[in-house]
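Asks: This structure is in structure tokens; I'll ask about it shortly.
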Amino acid sequence: MANIPVIDREKIESTRNLAEAVNILFGLNLEGRLCIFSQEAMIGETARAYDELGRTVRSDTYRRIAKDFKLRTGYYGNPNGAKIIYDVGVGSGLLAIELIKEDAIVYGIDISGDMLNLA
């Protein structure tokens with residue numbers, strides 16, 4: 510497996526929002542700006558290592574996010590609600606898999622072909 514930088518899992522999971530997590534992980538200050546990544550970062554061994562990290566260390570986190578999504582969006586008890594989710598930045602599909610387990614239909618897109626191959 511490739512060398513993966515040490516990330517404080519508890520610190521990341523305790524963030525209040527995506528902007529805070531991005532700041533901790535990448536040192537970027539989004540400040541409500543649109544952030545478009547135009548360069549593929551997850552390639553080759555890095556993509557495989559990130560996927561493995563997600564499948565082992567973060568699997569419970571993806572399950573919690575999927576369940577939280579259903580609660581926050583009123584997905585429960587809404588028979589006429591849309592079940593289609595577009596996952597932009599799907600990566601290797603780990604969150605998409607958990608959303609599918611919650612009866613969603615997920616379409617994913619990602620800039621990284623290697624991550625999509627893992628999906």
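Residue numbers (the numbering used here): 510 to 628. C-beta atoms are modelled at their ideal positions from N, C-alpha and C, and glycine is treated no differently.
#1: Quick check: the Cα distance between Y616 and L625, rounded to an integer number of angstroms?
#2: Between the Cα of Y595 and those of G563, D619, T570 and T524, spot the shortest distance and give me the residue it belongs to.
#3: Have a look at A550, D577, D569 and K576 and flag the residue whose alpha-carbon is nearest the alpha-carbon of G600.
#4: Pick helix, strand or coil for V566, following the three-state DSSP scheme.
#5: From the DSSP output, in three-state form, read off I521 for me.
#6: So what does DSSP say about G617, is it helix, strand or coil?
#7: Taking F578 as the reference, which of R557, L562, A556 and L604 has the closest Cα?
#8: Between which residues of its own chain and G553 is the CB-CB distance below 7 angstroms, once the five residues before and five after are set aside?
#9: Can you list, in chain order, the residues of its chain with a C-beta nearer than 7 angstroms to that of R468? Leave out the 5 residues immediately preceding and following it.
#10: Can you find the residues in the same chain that come closer than 7 angstroms, C-beta to C-beta, to G598, ignoring five residues on each side of it along the sequence?
#11: Which same chain residues end up closer than 6 angstroms to T524 when comparing Cβ atoms and leaving out the 5 residues on each side of it in sequence?
#12: Residue range of the alpha helix (DSSP H) that I606 falls in?
Replies: Quick answer:
#1: Numbered from 1 along the sequence shown, position 107 holds the residue referred to as residue 616. Numbered from 1 along the sequence shown, position 116 holds the residue referred to as residue 625. Spanning the two alpha carbons is a distance of roughly 12 angstroms.
#2: If you number the sequence shown from 1, residue 595 lands on position 86. Selected option, being the one with the closest Cα: D619.
#3: Residue mapping note: residue 600 aligns to position 91 of the sequence shown, counting from 1. Checking every option, the nearest Cα to that of G600 belongs to A550.
#4: Residue 566 sits at position 57 when you count from the first residue of the sequence shown. Coil.
#5: Translated into the one-based positions of the sequence shown, residue 521 becomes position 12. I521: helix per DSSP, three-state reduction.
#6: Here the question's residue 617 lines up with position 108 in the sequence shown. G617: strand per DSSP, three-state reduction.
#7: For the purposes of this step, residue 578 is identified with residue 69 of the sequence shown, where counting begins at 1. Measuring from the Cα of F578, the nearest candidate turns out to be L604.
#8: Translated into positions along the sequence shown, residue 553 becomes position 44. Excluding sequence neighbours, G553 sits near D623.
#9: What is shown of the chain runs 510 to 628, which leaves residue 468 out entirely.
#10: The residue labelled residue 598 in the question sits at position 89 within the sequence shown. When the five nearest sequence neighbours on each side are left out, the beta carbons in the same chain lying within less than 7 angstroms of the beta carbon of G598 are those of D619, in order along the chain.
#11: Numbered from its first residue, the sequence shown carries residue 524 at position 15. Same-chain partners within the cutoff: A530.
#12: As a working mapping, residue 606 is identified with position 97 in the sequence shown. First-last of the alpha helix (DSSP H) with I606: L603 to K610.
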